[in-house]
Each structure stands twice: as C-alpha cells, then as structure tokens.
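One point on numbering: in numbering that gives the first Met the number 0, the residue at position 216 of the sequence shown is 215, and numbering is uninterrupted. Think of the CB as a built atom: it goes at the ideal place given N, C-alpha and C, for glycine as much as any other residue. Inspection log for the structure reproduced underneath, given as structure tokens.
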Amino acid sequence: MKQSVVVQQGVDRLAIDCGDIRVKSEADGHTTLSAFGQDYRPAITYMCRGRRFTGGAGEQQVTICEPGPIRAAIQVAGRCVADRGDPGIAYRLRLDLFAGLPTVVARVWFVHDIPQVASLPIENLRFTWSLPSHQRHHLVQTSHGLVGKPRFVSTPDEIRAAVGHDGATVWRLVDAAPLRDDTDYPPHMMPPCDQVSHWFGATGKHGWMAVAMDDIREMLPKAMTLAPGRLDIELWPDFAGVMNLPQGRSRSVTVRFAFGPPSPTPTRQTFESSLATTSPEPVLADWPADVSHGYFDLAELLPHRAGDAQRFDDYLRKCACPPTVADFIDLGDTPDPGYQTTYLSTGRRLKPTVSDDELKAMQFHAGAHFAATPWSDFTQYEQVWANNEYDVIWCIACEALRSRRADMLRPLRWYARHAIEVDFVHYSDHRWKHRCTPAHSADHTFAGAYPSHFWTEGVLAWHLLSGDDDALEFARGIGDKIIEFGSMVGERKFSSSRKNWEHATLVEAVVNKAVSGSSSMVIDPNTGEVVDLANISKPLI
Numbered sequence: 000m001k002q003s004v005v006v007q008q009g010v011d012r013l014a015i016d017c018g019d020i021r022v023k024s025e026a027d028g029h030t031t032l033s034a035f036g037q038d039y040r041p042a043i044t045y046m047c048r049g050r051r052f053t054g055g056a057g058e059q060q061v062t063i064c065e066p067g068p069i070r071a072a073i074q075v076a077g078r079c080v081a082d083r084g085d086p087g088i089a090y091r092l093r094l095d096l097f098a099g100l101p102t103v104v105a106r107v108w109f110v111h112d113i114p115q116v117a118s119l120p121i122e123n124l125r126f127t128w129s130l131p132s133h134q135r136h137h138l139v140q141t142s143h144g145l146v147g148k149p150r151f152v153s154t155p156d157e158i159r160a161a162v163g164h165d166g167a168t169v170w171r172l173v174d175a176a177p178l179r180d181d182t183d184y185p186p187h188m189m190p191p192c193d194q195v196s197h198w199f200g201a202t203g204k205h206g207w208m209a210v211a212m213d214d215i216r217e218m219l220p221k222a223m224t225l226a227p228g229r230l231d232i233e234l235w236p237d238f239a240g241v242m243n244l245p246q247g248r249s250r251s252v253t254v255r256f257a258f259g260p261p262s263p264t265p266t267r268q269t270f271e272s273s274l275a276t277t278s279p280e281p282v283l284a285d286w287p288a289d290v291s292h293g294y295f296d297l298a299e300l301l302p303h304r305a306g307d308a309q310r311f312d313d314y315l316r317k318c319a320c321p322p323t324v325a326d327f328i329d330l331g332d333t334p335d336p337g338y339q340t341t342y343l344s345t346g347r348r349l350k351p352t353v354s355d356d357e358l359k360a361m362q363f364h365a366g367a368h369f370a371a372t373p374w375s376d377f378t379q380y381e382q383v384w385a386n387n388e389y390d391v392i393w394c395i396a397c398e399a400l401r402s403r404r405a406d407m408l409r410p411l412r413w414y415a416r417h418a419i420e421v422d423f424v425h426y427s428d429h430r431w432k433h434r435c436t437p438a439h440s441a442d443h444t445f446a447g448a449y450p451s452h453f454w455t456e457g458v459l460a461w462h463l464l465s466g467d468d469d470a471l472e473f474a475r476g477i478g479d480k481i482i483e484f485g486s487m488v489g490e491r492k493f494s495s496s497r498k499n500w501e502h503a504t505l506v507e508a509v510v511n512k513a514v515s516g517s518s519s520m521v522i523d524p525n526t527g528e529v530v531d532l533a534n535i536s537k538p539l540i
C-alpha cells in the first residue's frame, strides 16, 4: 500500500489512488472501486408503492471531500429515478481511502426532499455492490458446540444474516444451513446456534474482501447477503414492512471494507484486524488546557480525578447520557414521558400503536405536576421524543472531555448524527420548518420549529472532536433560520420562551464560521437594534 493517497482530476472523471486500492467516478455517472485488480460497483435501490427506484442513472455531482495525502474522500451525490424517469429520493455516497491501509469506508446517506410529497412509504432500501466471483464466503459462528466456542466457518454457499426479523437484537443467519453444524444441541441451548460475527469475508483467486456495517445491531432492522457476484446491504429489509419517510427526513449508514491479495490465505484474524484499522469514533486526544477548558467549559465542571468522587462521576455520566432506542430512525434520541403526558394539552392527538380492540384504558403517571392520562402509555400510543432538549449532545461532549471516558464517544456520535440526519428537516414545503429542527414531538419532527428550541453547541462540539463537516451544514441551517425568525416584526416583540437559548445558539454558529458572513447581522428582539454577532466574544455567553 502507498503511504500517501493521491487525488487525480481529469476532464471526465475524478479518481483517488492509494496503490492497490483505487476509486474513480466517470462522467457517465458510474463509480468503481478497484482493489487488487478487481472491480466493485455500488448501487442504491428502493421500492416505493410497488415501483423500483435506482440511483446512478441520472445526473450526479462528484466532489472531493478530503484531498489527501493521509486521507482522501470522494462524494457522489445524485437522485434515484424510477423506470419512467420519475424522480425519487436524493442520496450521497461517500468513499474514504487511507494511506497505508487496505480499508475503504463507505457511507450512503438518503434524504426525502421531493416537493409536495408529505411522506413516502418505503418498502425496502438496499445498498448493493457488484462483486467479482469469489469461491468461498467466511464468517464466525459465535457459539458452537456444547461449550459454546467461536468457530471460523468457510462455505461456498450464499449467506444472509439479519437483525430485527425475530424480535431480538441479535445478528444471526436467516438460514443456518451454510454453517454445516451437525451438533446435537439440547433444547435449552435454543438451536440452531445461528448467531454469527458482524462481518462477512469472501475469497477468490484474485484476492479477498471483508465487509462490516457500523451499528448493525443498534440500527435495526438490518440484513446483509453475500452471494456469488453481489453484496446486498439491506438498509431497510423486506421483512420490516413499510417505513414511513416524512418529507425532509434523512438517514445514513456506514459500511467498512477491507481488501487483500490472494496470498497468503486470509484467516479470521486477517479479516477482523483489517476491518479494525478504522473506527467510527474519534480519538479522545489530550487537548491543550486552553482549548478544552475554554471551549468545553471544563473549568466550570467538577474536576475529574480517577478514584475521587466516584459516585458524583457516575451521576454526571448518567445525567449527561440518557438512554436511547435500538432502531434505524430512533437511535440517538430519547422517549420523553413528561412531554408525552402533556401532548394532548397542546391540541395534538397521539396515534394509537395498537388496534382499538387491544387498546386498554391504562393510566400512566409521568410527572409530579400532571394528572395521569391514557395517552401517556407509550406501549399503546406513539412516543414523543426529546429532540436534543437543552442540548444533551453538548452535555455528552463535555462529560466525555471532563471524564476522559472514551466509551461516551459512541453515544455522542449516535446523538449528533441523529440530530443532523433525523431531527433536522432537510427540506420542507413550509417555510418555518425548512432546514431547522422542530421541538420535542411525535415522529421527531411533527411539531413546529422555533428559536428557543434550536441548539448548535453540541453538534459543533461533535464537529471539533470528529471533523464531521455535516455538522457545519446543520449549524448553518439553524443559524440562518434564527436570523429569518428575527426578521419578522412580530418575532421581535412576541417570542417563544427561553430567549437566551437562540442568542447562544446563533453566537456559537457564528464563532464556528458555520453561518455565512453577511448573516451575522441580526435584530435584537428586545431593543429592535441591529447587532453584529460576529463581534461578540465567546466568553460573553
């Protein structure tokens, strides 16, 4: 492998060259990943109302996201189209290559931005790769035999694993036959023992490939099939039923690939170690005190010394990181029973999640100040979500820096990406929901949006820790929307609650240069005067 990544730009194509691994995107819209002389081609397809939509057939925009030489990334943005040319959802496919590593990180991101279409019933959604012919497929059976030892399995058969298809958060084969496990298991071991590794491998005469999906058990339901000539990564599998995709909603999935030559023959350790060369979480670096204490307000928090104040450290960690839900859309948000209790008082009715025959008149008490109500029972009515209330992402980021707990970076990523992808309405026909985040509500974005419930500090902290530039797009939309609200005459006098939140949010966006230069001028709703927020220093908030 080369020790640097080279970006090549021609008249009709863009390419990233890392020696044995190369990515090129042609003017005709085709993107090809070449590894050790073998070509792999991606495609995005989905079914909606019985019609098939495919990405890559229409006009695409190709950009270089990272120029190298240590890391280079190319992004292909396009739109899926139906067989008659009708437009479908938009997508972005980003491929990252790394100097000296046999690894490619692919992220596919889709968004419903079709005007005048309130929602789409998605029947399935797939990220498919055409593969060279491989002779054998590989995986690990995580519990084999009466003592439950892991077993490395090599088979010529097609393999398909899934999670969420049987009511469990367990990654297992849909058909256990490829394992060729003839052990006579007793009933208490719940045969067949079909739980397998989160990764698949494939080998052939020209080389080998390994593949794994991030958060495969947390973003359920999911499925993955490795068959001769193709790899199907089912972002929304057929068995999951119909996914309702509201206008403006997006979601992304990251898949990691590793490649190698035919010799030496890869082992289980080869597959696992090659996929482990990259990680979805940032490194918890030892930041200089003036940066970490100045930006993350660590000087205002309880000092962390290992072994001291352990109980308070535990309390802070639990308070900073609320529970979340294992679900494709909901991961990174928290059901809020308090808001669920008061939802009807705002004039909104929650939809039952069970039939009228199953609906029980249960009373569920969710707060000291409110009477128990039937619709507070989240097992029978749709949930109301917190939607990053009071910027929990900022709390997680500060606590991760304060406590030096690397395990908090995973929920930080979940919550930040959920805010960027799900809570942020990427497109709306309605001006006051377009490119902003609605407040706590059912289905994440059902409610209206208003500046007192806009937050950018946490997502921008995630950007500083990870380099995720999507956070800047999020903050730019929020900052511009606050200014748009401030331009209304009525908004200057009659604002929503917690006025200082929007000031802090906008200042944060300006300080991080997430808002365009001219948009730093805003009207102070209290005085009616024009204020240049770019001249406000960070310590004032």
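Residue range of the unbroken beta strand (DSSP E) whose run includes residue i
{"i": "Lys-221", "result": "221-226"}
{"i": "Val-75", "result": "70-81"}
{"i": "Val-421", "result": "Element bounds for Val-421: n/a, residue is neither H nor E."}
{"i": "Tyr-45", "result": "37-47"}
{"i": "Thr-253", "result": "249-259"}
{"i": "Gly-457", "result": "Here Gly-457 belongs to no beta strand (DSSP E); instead the alpha helix (DSSP H) covers 456-465."}
{"i": "Leu-138", "result": "135-143"}
Simplified DSSP assignment, three categories, for residue i
{"i": "Thr-168", "result": "coil"}
{"i": "Trp-431", "result": "helix"}
{"i": "Phe-151", "result": "strand"}
{"i": "Ser-517", "result": "Below a pLDDT of 50, predicted positions are generally treated as unreliable, and Ser-517, at 38, falls in that range; the measurement from the model is reported next regardless. Residue state, collapsed to three classes: helix."}
{"i": "Asp-231", "result": "strand"}
{"i": "Gly-485", "result": "helix"}
{"i": "Val-107", "result": "strand"}
{"i": "Ser-262", "result": "coil"}
{"i": "Pro-236", "result": "coil"}
{"i": "Ala-210", "result": "Checking the displayed sequence, the identity of residue 210 turns out to be Val instead of Ala. Three-state result, Val-210: strand."}
{"i": "Ala-325", "result": "coil"}
{"i": "Phe-493", "result": "Annotation note: pLDDT 46 at Phe-493 (below 50); position unreliable, no value reported."}
{"i": "Gln-60", "result": "strand"}
{"i": "Pro-186", "result": "helix"}
{"i": "Pro-177", "result": "helix"}
{"i": "Ala-305", "result": "coil"}
{"i": "Leu-297", "result": "helix"}
Residue i versus residue j - alpha carbon distance
{"i": "Tyr-338", "j": "Ala-257", "result": "45 Å"}
{"i": "Asp-82", "j": "Trp-384", "result": "37 Å"}
{"i": "Thr-44", "j": "Leu-300", "result": "48 Å"}
{"i": "Glu-58", "j": "Cys-79", "result": "10 Å"}
{"i": "Phe-423", "j": "Ala-160", "result": "32 Å"}
{"i": "Ile-69", "j": "His-429", "result": "43 Å"}
{"i": "Leu-274", "j": "Ala-226", "result": "20 Å"}
{"i": "Ser-517", "j": "Gln-140", "result": "At Ser-517 the pLDDT is 38, less than 50, meaning the model places this residue with poor confidence and gives no usable figure here."}
{"i": "Met-242", "j": "Pro-236", "result": "10 Å"}
{"i": "His-425", "j": "Ala-418", "result": "11 Å"}
{"i": "Leu-459", "j": "His-187", "result": "49 Å"}
{"i": "Gln-115", "j": "Gly-466", "result": "34 Å"}
{"i": "Gly-67", "j": "Val-5", "result": "6 Å"}
{"i": "Arg-401", "j": "Tyr-294", "result": "12 Å"}
{"i": "Ala-175", "j": "Ala-239", "result": "20 Å"}
{"i": "Arg-250", "j": "Asp-329", "result": "10 Å"}
{"i": "His-303", "j": "Gln-309", "result": "9 Å"}
{"i": "Ser-519", "j": "Arg-404", "result": "In this prediction, Ser-519 scores a pLDDT of 46, lower than 50, which makes its location untrustworthy; the coordinate-derived value is nonetheless stated afterwards. Distance between the alpha carbons of Ser-519 and Arg-404: 36 Å."}
{"i": "Ser-515", "j": "Thr-352", "result": "With a pLDDT of 45 at Ser-515, under the threshold of 50, the modelled position of that residue is not reliable, and the figure given next carries that caveat. For Ser-515 and Thr-352, the distance between alpha carbons rounds to 43 Å."}
{"i": "Ser-440", "j": "Thr-154", "result": "48 Å"}
{"i": "Gly-18", "j": "Pro-245", "result": "42 Å"}
{"i": "Cys-318", "j": "Ala-399", "result": "12 Å"}
Closest Cα partner of residue i within the set the options
{"i": "Glu-25", "options": "Arg-48, Gly-67, Val-75 and Ser-3", "result": "Val-75"}
{"i": "Phe-411", "options": "Glu-280, Val-421 and Pro-450", "result": "At residue 411 the sequence reads Leu, which differs from the Phe that was named. Out of Glu-280, Val-421 and Pro-450, Glu-280 has the C-alpha closest to the C-alpha of Leu-411."}
{"i": "Asp-156", "options": "Thr-168, Gln-134 and Arg-150", "result": "Gln-134"}
{"i": "Val-103", "options": "Thr-168, Gly-166, Pro-149 and Ala-209", "result": "Ala-209"}
{"i": "Gly-84", "options": "Leu-471, Tyr-184, Arg-50 and Phe-97", "result": "Arg-50"}
{"i": "Lys-204", "options": "Thr-264, Asp-214 and Gly-99", "result": "Thr-264"}
For residue i, the first and last residue of its enclosing alpha helix (DSSP H)
{"i": "Arg-409", "result": "408-417"}
{"i": "Gln-339", "result": "336-341"}
{"i": "Leu-349", "result": "Looking at the DSSP string, Leu-349 is not in any alpha helix (DSSP H), and its letter there is neither H nor E."}
{"i": "Phe-612", "result": "Limits of the chain in this structure are 0 at one end and 540 at the other, which puts residue 612 out of reach."}
{"i": "Arg-401", "result": "391-402"}
Min CB distance residue i to chain D below 9 Å
{"i": "Pro-177", "result": "Absence of chain D from the displayed structure is noted, only one protein chain being present."}
Those residues which DSSP pairs with residue i across a bridge
{"i": "Ile-15", "result": "Val-6 and Val-22"}
{"i": "Phe-97", "result": "Arg-70"}
{"i": "Pro-115", "result": "Residue identity check: residue 115 is Gln in the sequence provided, not Pro. Beta-bridge pairing links Gln-115 to no other residue."}
{"i": "Glu-65", "result": "Ala-72"}
{"i": "Arg-91", "result": "Ala-76 and Trp-108"}
{"i": "Trp-384", "result": "Pro-334 and Ser-440"}
{"i": "Ile-215", "result": "In DSSP, Ile-215 forms no bridge with anything."}
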